[in-house]
Structure formats: C-alpha cells, structure tokens
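Asker:
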Amino acid sequence: MRGPYRLRSGVLVSVVVVPLIGFTSVAAATSPSAQGRSDLIAGNHADAAPAAAHAGGPADGPRGGPAPAHAGPTDASSNGWPTHCLDRVPRSPADYQEVFDHRTDGWAGADGAGPIKLPDGRVLWMFGDTLAGQVDENNALRPGWNMPHNSFQLQDGRCFTPLIGGTQDNPSSYMPDEDGMVFWPAGGYVDQSVEPAVLRMVSTGICIEPDGWRACEMRVHTMSLPDLEVMSVDPVPFDATVPDMPAFGFWVFHDKGMVYLYGPGGGFQAGGPSEDGQYPPGIYLARVRAERLVDGPWEYWTGSGPKPWSRDVGKADALSFDEPANPRDLSIGGVVRWGAGYLLTGKMGYLWVFGTEVYGWYSESPAGPWKVVRVDGEPADLVPEDVSFPQGRWIYGGFLVTNVPGTSPRKPMVVFSTNGLGCDGEEFPCTPDNDIGLNVLLYGPHLYTPRNLPPWTGPKATEDDS
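Going by my numbering, the sequence shown opens with residue 35, and the numbers climb by one from there.
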C-alpha cells in the first residue's frame with residue numbers, strides 16, 4: 035500500500051501529512067476501526083461493500099473496453115484472472131493509462147506500476163495493495179471485493195494478465211503474507227549468475243499495528259523463470275528490526291552488475307520518520323553485487339573518507355541533496371541511468387502529498403551528491419503543466435520508466451500514483467470524490483511524457499536491464 039489505508043464507510047480518518055521517502059512512499063496516516071485493521075491484515079473485505087454507488091461516471095472514467103482473447107500463451111498462472119489486450123502494443127503513456135484504467139475484469143486497481151523487463155521480452159509490472167473484485171457501471175466496487183497486498187500485471191506484447199494469489203473467489207497476495215506481515219514489492223532484477231536464471235524481488239514487510247503501520251522486515255523473494263513461481267523467501271543480511279533502521283530497498287536499482295538499494299532513515303511508519311534515533315531522517319543507500327543479494331556482504335554509504343562504503347550498517351549516513359533543506363520534505367521515487375550519470379526522481383515540499391509535481395536530481399554517481407534539476411533557477415517539475423484532477427487526492431511516488439515498449443533511456447515515462455482522501459461516513463461523507471470503494475479510478479498509477487529533463491551527457495545508453 036503506497037497511500038493511506040483503503041477507506042470505506044465506518045473507517046475513521048486521522049490525517050497526518052508526513053513527507054516520507056520511498057518508491058512507494060506512504061503519504062498519510064489513518065486510524066481505522068479495530069474491524070478495519072483486522073480486515074487490512076487479513077485482506078478480507080467480503081463484507082466491505084460500499085454504502086452506495088455514486089451517480090454518474092467520474093471525470094476520469096475508464097478508457098479500456100472488453101478484453102479480447104489472449105493472442106498467445108503465458109507461462110505464469112493467472113488463476114483464472116482474465117487477460118486484457120489492447121488492439122496494439124502500447125507505445126505511449128496514454129496507451130499504458132488505458133491498460134491500467136481497465137478495471138472490469140477483477141483486477142480493480144492498485145498503486146505502484148514499476149516494471150521489470152524479463153529475458154523473453156515480457157514485462158512484469160509490480161503493484162502494492164490491490165483491489166480485487168467486480169466493479170459496477172459507475173466504477174464502484176460490488177459486494178465481495180478483497181484486498182491482496184501485492185499483485186503483478188504480466189505484459190506480453192499488447193496483452194496484460196493479472197497475477198494474484200489464490201483464486202478469483204478468494205484472492206490473496208501473490209507474495210504470500212506472513213503472520214500479520216504483508217509485503218510491498220520494491221523492485222527487482224533478473225539474476226543470470228545462476229542456471230537457470232531467476233528473478234530477485236526485494237520486498238518490504240509491513241506490520242499493521244493499532245496506531246498505523248511500520249516497515250518491520252525486508253525479504254528477497256526469488257521467483258522462477260519463465261513461470262514466475264515464488265521459489266524461496268530470504269531475509270536480508272542485516273537486522274531490519276533495529277529501531278530507526280533505514281528501509282533499504284524501497285527503490286532497487288540494478289546497474290553494471292551491482293544492486294543499489296535506496297530507502298528512508300529514521301524508521302518508516304505511518305507517523306513519519308523519528309527525529310532523534312541512530313539514523314536521522316534522510317535517504318540511505320546500500321549496495322551489493324547482483325549475484326550476492328541474498329547472502330551479501332552488503333555495503334552501506336557512509337558519505338566520508340577515502341573509502342565511503344562500509345560493511346557496518348551502523349556507519350551508514352544519509353545521501354547529500356542540495357534541495358530541499360529539510361530531508362523530511364523529500365520522498366524518493368526512483369533512480370535511472372541518465373547519459374553518463376544518474377537521475378533520481380521524487381516529490382519535494384512540506385505538502386508534497388497533495389501536488390502532482392515530480393522533481394529530478396542529477397549526479398555522476400548513484401550515491402550522489404544530488405543536484406536538483408532547475409529551470410530559470412527554480413526546481414523544475416517533470417510532470418506536464420496541465421495535469422490536474424477534479425477532486426483532492428493523495429499523490430505519491432514519482433519515478434521514470436525506461437524499459438518497456440515505447441520508452442528508452444532517453445525517452446522515459448514519468449509515473450506517480452493517487453488515492454482517494456477517504457471518509458468516515460459522518461463528518462466526512464463518503465462520495466465518489468473521496469472513497470475508492472465508490473470510485474476505483476481514484477486509486478492507481480498515472481503515466482505521462484515528462485518535461486524539463488536535464489541535458490543528456492556522455493555516450494548513448496543501452497536499454498536498462500533492470
């Protein structure tokens with residue numbers, strides 16, 4: 035889940051705006067009822083039907099039509115979830131928006147949309163908390179919907195197949211929950227150092243607690259290729275339960291045989307980063323050779339001295355940014371190669387969660403220092419100027435996609451996710467403008483052609499293999 039908890043009638047809202055950091059930064063804290071919390075942990079919303087459907091379709095209604103039969107076989111089991119195909123291979127942000135706005139076949143929306151290119155040319159799109167259920171003609175969830183905590187969309191040319199655990203009658207997380215802990219996929223890559231090659235997926239374990247949620251563990255889910263079955267689940271080589279431990283791996287970047295794992299310090303929880311722990315708020319970085327992700331050793335950026343990397347996680351220090359001055363006001367979205375250097379993207383500002391702006395920072399190294407991209411002396415928004423929504427939303431994420439059809443390292447898409455502001459049924463009545471149960475299109479990814487990208491420097495880059 036990348037935004038606030040999925041809200042419905044009877045779930046209380048207590049908004050705390052906290053600028054957090056991560057590929058899927060959570061933007062607000064909520065205080066659901068006890069039943070709501072147990073529903074979230076169990077992923078069980080069979081009795082959580084919306085109170086009423088809204089009148090009329092939303093301003094940003096669905097653009098996808100009925101899915102024709104899949105043009106070819108797929109190796110991953112869809113457990114009966116229908117494949118949706120366009121009449122062409124998507125080549126533009128609008129094409130991909132059409133795909134992810136198609137909500138009528140059981141996959142009713144999710145946030146994230148980070149892609150991994152597979153060796154056979156298919157693309158695995160990663161998602162967090164997922165609405166699984168049927169949607170009526172007004173884009174409202176019908177009774178019996180459920181919420182798996184992760185899912186995928188497997189792209190095979192022009193066709194997309196949801197990958198969700200369980201069955202359509204009883205859907206569950208594709209990467210199974212563990213003892214009250216759920217997993218949000220952060221990123222992954224194809225590990226070709228083993229035979230046969232496998233997919234390594236770094237996931238953040240989220241514990242749902244009475245006062246919200248916190249990142250309590252990290253795991254590496256290893257999946258087989260080409261069938262994408264979970265083969266093993268391994269812990270990372272450090273104690274993720276240490277108070278304020280940076281959540282390394284909220285963004286995973288595979289580059290030149292190394293894996294870089296970015297994440298927030300000061301703890302990562304619904305209430306925001308702590309102020310006085312061993313790891314102050316900021317963005318932290320670990321690295322490891324791609325073939326040693328599971329067993330290490332991992333190294334951590336220390337930011338000083340002739341050897342700025344250490345195997346001692348206790349020496350880790352935050353990365354350097356020229357903007358913003360307060361690290362609490364920065365939310366990392368992602369990192370890609372950009373010419374001879376690197377481009378980090380994310381959101382910035384005390385109230386970044388309400389704005390569509392996504393900013394970029396350039397560096398010659400994946401560890402920085404990071405300099406914000408400017409136009410006329412001011413930080414430059416990468417999102418097109420005319421992007422807006424007809425109602426208030428939580429807006430979070432903000433990363434570049436360079437490895438799917440229609441994109442390239444020099445021709446990316448920019449992606450962020452939105453969520454409804456929520457309601458309590460009394461002081462804040464539930465409507466299609468705030469409740470994703472009444473309007474599933476409030477929740478999900480949005481894709482655009484970016485503007486204000488920095489000049490391309492160095493040799494022409496090859497296709498990103500991450």
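Every residue gets a Cβ at the ideal spot worked out from N, C-alpha and C, and that includes glycine.
Any contact between the stretch 253 to 261 and the stretch 225 to 243? By contact I mean 3 or more CB pairs, one from each, below 8 angstroms.
Answerer: Touching, yes, given that three or more Cβ pairs across the two stretches are closer than 8 angstroms.
Asker: Where does Pro127 fall in DSSP's three states?
Answerer: Working through the sequence shown from its first residue, we reach residue 127 at position 93. Helix, per DSSP.
Asker: Using a Cβ distance threshold of 8 angstroms, determine whether the stretch 156 to 165 contacts the stretch 457 to 465, with at least three qualifying pairs required.
Answerer: In short, these stretches do not touch, since the Cβ pair count stays below three.
Asker: Taking all protein chains shown into account, do 16 or more other C-beta atoms lie within 10 angstroms of the C-beta of Val435, making it buried, or fewer, making it exposed?
Answerer: One-based indexing of the sequence shown puts residue 435 at position 401. So Val435 ends up on the buried side.
Asker: With distances taken Cα to Cα, identify the nearest neighbour of Tyr384 among Ser185, Ala144, Ala359.
Answerer: Here residue 384 refers to the residue found at position 350 when the sequence shown is read from its first residue. Considering only alpha carbons, the answer is Ala359.
Asker: For Met235, does the count of other Cβ atoms within 10 angstroms reach 16, so buried, or fall short, so exposed?
Answerer: Start at 1 with the first residue of the sequence shown, and residue 235 comes out as number 201. So Met235 counts as buried.
Asker: For Gly330, which residues from the same chain have a beta carbon less than 7 angstroms from its beta carbon, with the 5 sequence-adjacent residues on both sides left out?
Answerer: The sequence position of residue 330 within the sequence shown is 296, counting from 1. If we look at Gly330 and ignore the five residues flanking it on each side, its Cβ neighbours are Pro271, Val322.
Asker: Would you mind sorting Pro66 into buried or exposed? The rule is 16 or more other CB atoms within 10 Å of its CB.
Answerer: Looking up residue 66 in the sequence shown gives position 32. In this predicted model, Pro66 has a pLDDT of only 26, less than 50, meaning its place in the structure is not dependable; the value taken from the coordinates is given anyway. Counting Cβ neighbours within 10 Å, Pro66 comes out buried, since at least 16 surround it.
Asker: Thinking C-alpha only, which one of Leu120, Asn468, Ile366, Asn173 is nearest Phe287?
Answerer: Here the question's residue 287 lines up with position 253 in the sequence shown. Ranking the options by Cα distance to Phe287, first place goes to Ile366.
Asker: Mind checking Asn473: buried by the 16 CB within 10 Å criterion, or exposed?
Answerer: Walking along the sequence shown from the start, residue 473 turns up at place 439. Buried, since its Cβ has 16 or more Cβ neighbours within 10 Å.
Asker: Over the uninterrupted beta strand (DSSP E) stretch that includes Glu251, give me the two end residues.
Answerer: If you number the sequence shown from 1, residue 251 lands on position 217. Glu251 -> beta strand (DSSP E) spans 246 to 258.
Asker: Following the continuous beta strand (DSSP E) through Arg321, name the residue where it begins and the one where it ends.
Answerer: Locating residue 321 in the sequence shown gives position 287, where the first residue counts as 1. First-last of the beta strand (DSSP E) with Arg321: 317 to 323.
Asker: Leaving out five residues before and five after Gln131 in sequence, what residues of the same chain have Cβ atoms less than 6 angstroms from its Cβ?
Answerer: Counted from its first residue, the sequence shown places residue 131 at position 97. Excluding positions up to five away in sequence, the list reads Leu481.
Asker: Can you tell me the Cα-Cα spacing of Arg362 and Gly316, whole angstroms?
Answerer: One-based indexing of the sequence shown puts residue 362 at position 328. One-based indexing of the sequence shown puts residue 316 at position 282. Arg362 and Gly316: Cα-Cα distance of roughly 7 angstroms.
Asker: Could you tell me the alpha carbon to alpha carbon distance between Phe462 and Gly454, rounded to whole angstroms?
Answerer: Taking the first residue of the sequence shown as position 1, residue 462 is located at position 428. Taking the first residue of the sequence shown as position 1, residue 454 is located at position 420. When rounded, the distance between both Cα atoms is 12 angstroms.
Asker: Measuring CA to CA, which of Asp170, His183, Ala174, Gly167 is closest to Phe161?
Answerer: Taking the first residue of the sequence shown as position 1, residue 161 is located at position 127. The option with the nearest alpha carbon to Phe161 is His183.
Asker: When the Cα of Lys381 is compared with those of Leu476, Ser451, Cys250, which residue comes out closest?
Answerer: Counted from its first residue, the sequence shown places residue 381 at position 347. For the residues Leu476, Ser451, Cys250, the minimum Cα distance to Lys381 belongs to Ser451.
Asker: Rounded to a whole number of angstroms, what is the C-alpha to C-alpha distance between Trp332 and Tyr430?
Answerer: Residue numbering aside, residue 332 sits at position 298 when the sequence shown is read from its first letter. Residue numbering aside, residue 430 sits at position 396 when the sequence shown is read from its first letter. For Trp332 and Tyr430, the distance between alpha carbons rounds to 29 angstroms.
Asker: From what residue to what residue does the beta strand (DSSP E) around Trp335 run?
Answerer: Walking along the sequence shown from the start, residue 335 turns up at place 301. Looking at the DSSP string, the run of the beta strand (DSSP E) that includes Trp335 is 333 to 335.
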